[in-house]
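Q:
Printed below as a string of structure tokens:
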């Protein structure tokens, strides 16, 4: 084949646009292969991004914030509050045993608001029927891929103070 | 109008054989890509769950999968050039 430029290489359009039917199959496959490899590169970059986020991760400083008075909530009742920011809804539940637990109210599936179902003693997401254990936040059923982030609570006098958020229930 | 003759490559590889090699390589790349996609999803879920220790092995495995895909792609390019007589 006659080269199209003095350097002896075919120009790009000759590589990518063939006038022979037999060659078109090769061009199409090569272009598809290029697309696949670029997709693979994109996913590798995604993994590198996760690695960078893990290496440079710093535990955020959570504020101390009173969320309720100890006697204000009856066993089996709930209280909604925002923590750590004004746009982070959380749910505080007083269990039948008298213990307090609090979780982020955003379902880990698609961020719908979960609510406490007293009769079944679990947190439920109404959007796709995802159920969470009210004692640990672990997923009991449904599409949520992760447990609910748990709000750490401390009792100081008659005040319940939120002190931080735990993503991994095993850390509790 | 007379069409140009069918391409003759220097090594005499038949067109169909080259296409089979390329199709096989693309199939392998697609399989590796599905594994890599699952790997990225799993490592993202682990990261969001607070398990940050799995990020390094996940990145290494993803890098290996990418390199294998790249090698298969270079193989495709080589077969393409050989069969179409561009070398």
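Residue numbers (the numbering used here), protein chains in the order written: chain D, 47 to 218; chain W, 77 to 163.
All residues carry an ideal CB built from backbone N, CA and C; glycine is no exception.
#1: For a contact defined as C-beta to C-beta under 7 Å, what are the partners of residue 191/D on chain W?
#2: Looking at C-alpha atoms only, which residue of 193/D, 110/D, 165/D is the closest neighbour of residue 176/D?
#3: Taking 7 Å as the cut-off, is the CB of residue 155/D close to at least one heavy atom of the ligand ADP?
#4: So the candidates are 167/D, 78/D, 133/D, 152/D; which of them puts its Cα closest to the Cα of residue 139/D?
#5: Closest to residue 132/W by C-alpha separation, out of 202/D, 90/D, 173/D, would be which residue?
#6: Whose C-beta lies closer than 6 Å to the C-beta of residue 163/D among residues of the same chain, with five residues either side of it excluded?
#7: By the 10 Å Cβ neighbour count, where 16 or more other Cβ atoms means buried, how is residue 154/W classified, buried or exposed?
#8: Who are the neighbours of residue 72/D on chain W, taking C-beta pairs under 8 Å?
#9: So, for residue 137/W: in the same chain, excluding its five sequence neighbours on each side, which residues have a beta-carbon less than 7 Å away from its beta-carbon?
#10: Could you list which residues in chain D have their beta carbon closer than 8 Å to that of residue 105/W, in chain order?
#11: Closest to residue 142/D by C-alpha separation, out of 199/D, 124/D, 80/D, would be which residue?
#12: If you count every other CB in all the chains shown that lies within 10 Å of the CB of residue 88/D, and 16 or more means buried, which is it?
#13: Figure out for me which residue from 86/D, 103/D, 133/D, 212/D has the closest Cα to the Cα of residue 198/D.
#14: Counting contacts by CB-CB distance shorter than 8 Å, is residue 214/D in contact with chain W?
#15: Who are the near neighbours of residue 130/W in its chain, counting only those whose CB is closer than 7 Å to its CB and skipping five residues on each side?
#16: Please report the distance separating the alpha-carbon of residue 100/D from that of residue 128/W.
A: According to the data block:
#1: As a first step, residue 191/D is located in the first chain; it is residue number 145 there, counting from the start. Result: 121.
#2: In the first chain, residue 176/D corresponds to position 130, counting from 1. Out of 193/D, 110/D, 165/D, 193/D has the C-alpha closest to the C-alpha of residue 176/D.
#3: Within the structure as shown, the ligand ADP is missing, as the structure has no ligands at all.
#4: Along the first chain, one-based indexing puts residue 139/D at 93. It is 167/D whose Cα lies nearest to the Cα of residue 139/D.
#5: Your numbering for residue 132/W matches position 56 in the second chain. Closest option to residue 132/W, judged by alpha-carbon separation, among 202/D, 90/D, 173/D: 90/D.
#6: Here the question's residue 163/D lines up with position 117 in the first chain. For residue 163/D, where only same-chain residues beyond five positions count, the Cβ hits under 6 Å are 170.
#7: In the second chain, residue 154/W corresponds to position 78, counting from 1. That one is exposed.
#8: Here the question's residue 72/D lines up with position 26 in the first chain. Going along chain W in sequence order, the residues near residue 72/D (Cβ under 8 Å) are 94, 95, 98, 156, 159, 160.
#9: Position 61 of the second chain holds residue 137/W. Only 115 meet the Cβ criterion.
#10: Here residue 105/W refers to the residue found at position 29 when the second chain is read from its first residue. Per Cβ cutoff of 8 Å: 79, 82, 83, 86.
#11: Here residue 142/D refers to the residue found at position 96 when the first chain is read from its first residue. Residue 142/D has its Cα closest to that of 124/D, out of 199/D, 124/D, 80/D.
#12: Numbered from 1 along the first chain, position 42 holds the residue referred to as residue 88/D. By the neighbour-count rule (16 or more Cβ atoms within 10 Å), residue 88/D is not buried but exposed.
#13: For the purposes of this step, residue 198/D is taken as residue 152 along the first chain, with counting starting at 1. For residue 198/D, the nearest C-alpha among the options comes from 212/D.
#14: Taking the first chain and counting its residues from 1, the one referred to as residue 214/D is at position 168. So yes, residue 214/D belongs to the interface.
#15: Walking along the second chain from the start, residue 130/W turns up at place 54. Result list for residue 130/W: 119, 122, in chain order.
#16: Looking up residue 100/D in the first chain gives position 54. Looking up residue 128/W in the second chain gives position 52. So the two alpha carbons sit approximately 6 Å from each other.
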